[in-house]
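Residue numbers (the numbering used here): 249 to 708. For glycine and all other residues, C-beta sits at the position ideal for the given N, C-alpha and C. These notes are about the structure you will find just below.
Below is the structure:
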């Protein structure tokens with residue numbers, strides 16, 4: 249059972265909370281104001297904080313801010329009256345798990361929400377690094393980015409949708425721009441599902457040719473094609489019982505779409521060159537940055553497959569639609585990058601924050617991460633400054649009063665600036681991948697054909 253701190257000034261509500269949670273076997277410490285809560289957290293580690301938003305001394309926002317800044321931060325649930333919902337949303341931006349509106353309907357409702365918060369918090373604390381195999385499949389159960397900030401108002405419907413669908417077996421389609429973190433959401437969905445103890449396997453449909461993709465999906469028998477010197481199980485077989493994530497599903501060729509549909513409908517398949525039927529017991533999660541409905545109209549994506557995969561579609565907002573998350577997101581990403589490089593984590597200066605918050609981020613979280621990785625390399629001291637962000641090529645130097653460069657083709661300064669940012673991102677990715685086009689496309693999160701179009705467009 250868990251250790252829980254309750255901060256609530258209303259004695260009646262406080263007694264209700266204590267009794268409801270003690271009945272579930274939890275260890276409870278109850279205090280009547282925010283200052284006492286913070287004092288207790290300074291001395292004692294707890295698993296969860298249940299705090300009122302408005303109370304004497306420090307309010308629930310201050311308690312949340314303090315709790316989430318601890319080395320081992322507890323989960324936080326806010327209790328709010330109707331008039332304090334905006335404050336509760338602010339606390340969620342700081343990392344609170346949820347807010348519950350008073351009066352609570354029942355003790356069981358409270359216990360269920362506490363249980364959900366403790367499970368989510370435990371998953372985060374147990375998260376490990378991603379292991380990517382040479383075939384670009386991901387086989388671990390978590391991503392370090394699971395801890396990224398999802399507190400912006402635009403994210404609340406997404407979080408609610410994830411919670412609602414997680415425990416079901418419905419096929420989920422994640423829609424959103426390139427780099428907005430769709431795979432992170434797929435991992436989160438898996439972690440919160442009934443299949444969380446089984447494998448999570450991911451394949452990027454844009455990363456392999458059609459023939460190789462079929463072998464990766466279903467496996468192959470020895471001698472089934474040139475170079476098949478041994479039997480190989482497919483990724484679908486490795487995902488048995490767990491979650492199978494198909495990223496960039498819009499890049500899948502029509503013949504493979506037909507085979508995938510058959511697998512989903514019959515829950516059976518055979519390896520390439522084989523005759524033995526294998527069962528496909530997986531939860532299907534897909535992601536795309538394309539408009540699949542339009543592709544269906546154009547005959548480039550099967551309508552029957554679309555309806556099978558998009559039973560529960562979730563739209564992920566672009567980073568520019570949740571700018572409130574950028575400061576915390578930047579800190580978390582920078583800390584991850586620095587630890588991976590075994591370097592001290594520098595501080596981001598206020599001027600640098602200002603630039604980060606107004607940049608267009610056409611590449612979303614992935615572009616932000618690449619920008620911070622480059623800044624870490626360029627920064628000589630203990631802080632990251634505007635010049636380290638390399639955004640002067642793009643849209644952000646106007647913060648310092650400079651005029652944006654006007655592109656030669658006569659487009660607007662804003663469009664030209666964004667194009668220069670995109671061109672520079674492609675050039676940087678090509679250098680990192682030593683000119684390997686396929687690896688570059690994967691790093692940028694775009695299809696190989698899209699990359700070739702951009703190379704031609706920008707004359708790279």
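#1: Going by C-alpha distance, which of 363, 424, 682 is nearest residue 273?
#2: Return the bridge partner residues of residue 423 from the DSSP annotation.
#3: How would you write the range of the alpha helix (DSSP H) that residue 556 sits in, first residue to last?
#4: According to DSSP, residue 694 sits in a beta bridge with which residue or residues?
#5: Is residue 564 closer than 7 Å to residue 494 when the C-beta atoms are compared?
#6: Quick one: what's got a C-beta closer than 8 Å to residue 497's C-beta in the same chain, skipping five residues either side?
#7: Can you check which of these residues, 307, 306, 298, 490, is closest to residue 347 by C-alpha distance?
#8: With which residues is residue 491 paired in a DSSP beta bridge?
#9: Would you tell me roughly how many angstroms separate the C-alpha atoms of residue 291 and residue 427, rounded to the nearest one?
#10: For residue 530, collect the residues of the same chain with a Cβ closer than 6 Å to its Cβ; drop the 5 residues on either side in sequence, then sort them by chain order.
#11: Would you check if the distance between the CB atom of residue 678 and the CB atom of residue 686 is smaller than 7 Å?
#12: Quick one: complete beta strand (DSSP E) runs, 3+ long, within the region 500-531?
#13: From which residue to which residue does the beta strand (DSSP E) around residue 326 run?
#14: Apply the 10 Å Cβ neighbour rule to residue 618 and answer buried if 16 or more other Cβ atoms are within range, or exposed otherwise.
#15: Using the C-alpha atoms, what's the distance from residue 512 back to residue 544?
#16: Using DSSP bridges, identify the partner residues of residue 468.
#17: Give me the Cα-Cα distance between residue 448 and residue 589, rounded to the nearest whole angstrom.
#18: Can you find the residues in the same chain that come closer than 7 Å, C-beta to C-beta, to residue 456, ignoring five residues on each side of it along the sequence?
#19: Classify residue 347 as helix, strand or coil using the three-state DSSP reduction.
#20: At 3 residues or longer, what runs of the beta strand (DSSP E) sit wholly inside the region 558-630?
#21: Give the range of the beta strand (DSSP E) segment to which residue 251 is assigned.
#22: Whose C-beta lies closer than 6 Å to the C-beta of residue 307 among residues of the same chain, with five residues either side of it excluded?
#23: Using 7 Å as the threshold, is the C-beta distance between residue 344 and residue 312 below it?
#24: In whole angstroms, what is the alpha-carbon distance linking residue 329 and residue 407?
#25: Here's the rule: buried if 16 or more other CB atoms are within 10 angstroms of the residue's CB, otherwise exposed. What is residue 578?
#26: Which ranges would you report for the beta strand (DSSP E) in the region 269-305 if only whole runs of at least 3 residues count?
#27: Helix, strand or coil for residue 708, going by three-state DSSP, please let me know.
#28: Roughly how many angstroms separate the alpha carbons of residue 526 and residue 518, rounded to a whole number?
#29: Tell me whether residue 483 is buried or exposed, calling it buried when 16 or more other Cβ atoms sit within 10 Å of its Cβ.
On the basis of the data shown:
#1: Here residue 273 refers to the residue found at position 25 of the chain shown. Nearest option by C-alpha distance: 363.
#2: For the purposes of this step, residue 423 is taken as the residue at position 175 of the chain shown. For residue 423, which the question treats as bridged, DSSP gives the partners 536, 563.
#3: On the chain shown, residue 556 is found 308 positions in, with the first residue counted as 1. Start and end: 551-557.
#4: As a working note, residue 694 is residue 446 in the chain shown. For residue 694, which the question treats as bridged, DSSP gives no partner whatsoever.
#5: Sequence index remark: in the chain shown, residue 494 carries index 246 (1-based). Sequence index remark: in the chain shown, residue 564 carries index 316 (1-based). No, the Cβ-Cβ distance between residue 494 and residue 564 is not below 7 Å.
#6: Here residue 497 refers to the residue found at position 249 when the chain shown is read from its first residue. Excluding sequence neighbours, residue 497 sits near 421, 453, 534, 535, 536, 540, 557.
#7: Working through the chain shown from its first residue, we reach residue 347 at position 99. Closest by alpha carbon: 298.
#8: The residue labelled residue 491 in the question sits at position 243 within the chain shown. Per DSSP, 448, 531.
#9: Within the chain shown, numbered from 1, the residue matching residue 291 stands at position 43. Within the chain shown, numbered from 1, the residue matching residue 427 stands at position 179. Looking at the two C-alpha atoms, the distance is approximately 40 Å.
#10: Numbered from its first residue, the chain shown carries residue 530 at position 282. For residue 530, where only same-chain residues beyond five positions count, the Cβ hits under 6 Å are 487, 492.
#11: Locating residue 678 in the chain shown gives position 430, counting from the first residue. Locating residue 686 in the chain shown gives position 438, counting from the first residue. Against a cut-off of 7 Å, the Cβ pair of residue 686 and residue 678 comes out as no contact.
#12: none
#13: Within the chain shown, the letter at position 78 stands for residue 326. Segment 323-328, the beta strand (DSSP E) holding residue 326.
#14: Along the chain shown, one-based indexing puts residue 618 at 370. Residue 618 should be labelled buried.
#15: The residue given as residue 544 occupies position 296 in the chain shown. The residue given as residue 512 occupies position 264 in the chain shown. Each residue's alpha carbon lies about 18 Å from the other.
#16: Numbered from 1 along the chain shown, position 220 holds the residue referred to as residue 468. DSSP output for residue 468 lists 480, 520 as bridge partner(s).
#17: As a working mapping, residue 448 is identified with position 200 in the chain shown. As a working mapping, residue 589 is identified with position 341 in the chain shown. Their Cα atoms are separated by approximately 26 Å.
#18: If you number the chain shown from 1, residue 456 lands on position 208. These residues qualify, in order along the chain: 464.
#19: On the chain shown, position 99 is the one that residue 347 refers to. Residue 347: strand per DSSP, three-state reduction.
#20: Segments of the beta strand (DSSP E) lying fully in the region 558-630: 560-563.
#21: Locating residue 251 in the chain shown gives position 3, where the first residue counts as 1. It spans 251-255 - the beta strand (DSSP E) in which residue 251 sits, taken as one unbroken run.
#22: In the chain shown, counting from the first residue as 1, residue 307 sits at position 59. The residues are 282.
#23: The residue you call residue 344 lines up with position 96 of the chain shown. The residue you call residue 312 lines up with position 64 of the chain shown. In this structure, residue 312 lies closer than 7 Å to residue 344 by Cβ.
#24: Here the question's residue 329 lines up with position 81 in the chain shown. Here the question's residue 407 lines up with position 159 in the chain shown. Between residue 329 and residue 407, the C-alpha separation is close to 21 Å.
#25: Walking along the chain shown from the start, residue 578 turns up at place 330. Its Cβ being crowded by 16 or more others within 10 Å, residue 578 is buried.
#26: 275-279, 296-300
#27: Counting from one through the chain shown, the residue named residue 708 turns up at place 460. Three-state result, residue 708: coil.
#28: Within the chain shown, residue 526 is the residue found at index 278, counting from 1. Within the chain shown, residue 518 is the residue found at index 270, counting from 1. Looking at the two C-alpha atoms, the distance is approximately 6 Å.
#29: Reading the chain shown from its first residue, position 235 is the one you call residue 483. That one is buried.
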